[in-house]
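One structure is given here, and the rest of the page talks about it.
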Amino acid sequence: MRIAAGILALAILPIEQLSLPATGQVGESIRQWELSTRIDVSDFSAERLRLEIPRLADQLKIDARGPAGMPQQQYQAFVLDTLTQEYLFWARDRAGGDVTRLGEPTVAPETVNAFLAYLGPAMQGRLVGRLEVSSDPDKAPIEIDGANKGLTQRRFVMSAGTHAVTVSPPLRQACRRLVTIVAGQTATVDCR
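Counting from 2, one number per residue, gives the positions in the sequence shown under our numbering.
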C-alpha cells in the first residue's frame, strides 16, 4: 500500500517540492504522534502527509530563516514537526475526537485546504513556535485569542508573540493564561 500511495502522491505534487529530509522529518513526527496518542495513521495518509506538510509550510509562507542563534536546518525541522502535529490533532478533532485511526479522508484535498484556511494568514511571514495545552480532565475545550481551537491534549503551531489561552474543563472554573510563544521553542499551558 505504501508504494501505491507514494506513486499517487508523486503524480499530484511537483518534483521540486519533494525533499527527502523534509519527508523523513514528517514521517518521524507522524510516528511520534501515533505513539503519544495511540491513534493509528493509515499508510496512505502517512505517505500523503509526508508530501503535503512541506507544501503547506511553503504555502503558509512561514519565515524559514529561524530565530537568531538557532541553526536554520534545526528550525525548519521544528516547523515541519510542529505543523505535522498540529495537522494530526486538528484532523482528530475534526473527526470527532474519539478516533482510533485517521484514514484517507484525513488527506483529501478539501481537508488539506480546510487546514490551510484554519491556520490562515496569521502565519504568513512569521516565525513560529509550539504551544502544548493539557488539562485534567482531558478533552476540555480550548480557545486561543478568542477562537475555538479544539480539545485538550493538543499541540499548536503558533506565531511568535503573546496569546490568550482559555481552557474550560467541565464542572470547573476556566483556566486562563497569557502565554508568550518564542520562535523555535515550546510553551506549555497545563490546566490541572
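Just so it is clear, CB atoms sit at the ideal spot from N, CA and C, and this is done for glycine as well. Treat the numbers as computed from the prediction; the structure is a model and nothing was measured.
Would you list the one or two residues that DSSP bridges to residue i?
i: E194; result: Since the first residue shown for the chain is 2 and the last is 193, residue 194 is missing from the structure and cannot be characterised.
i: R155; result: V134
i: S160; result: V129
i: R102; result: D41
Look up residue i in the DSSP assignment and say whether it is helix, strand or coil.
i: D82; result: helix
i: R131; result: strand
i: V108; result: helix
i: R178; result: strand
i: M124; result: helix
i: G25; result: helix
i: R93; result: helix
i: A184; result: coil
i: L172; result: coil
i: R32; result: helix
Could you give the C-beta distance for residue i and residue j, rounded to a whole number, given that I count them as a contact under 8 Å?
i: V190; j: L132; result: 7 Å
i: R127; j: I63; result: 7 Å
i: A141; j: V168; result: 5 Å
Quick one: give me the first and last residue of the beta strand (DSSP E) that residue i is part of.
i: D191; result: T187 to C192
Need the endpoints of the alpha helix (DSSP H) that residue i sits in, please.
i: R49; result: D44 to L61
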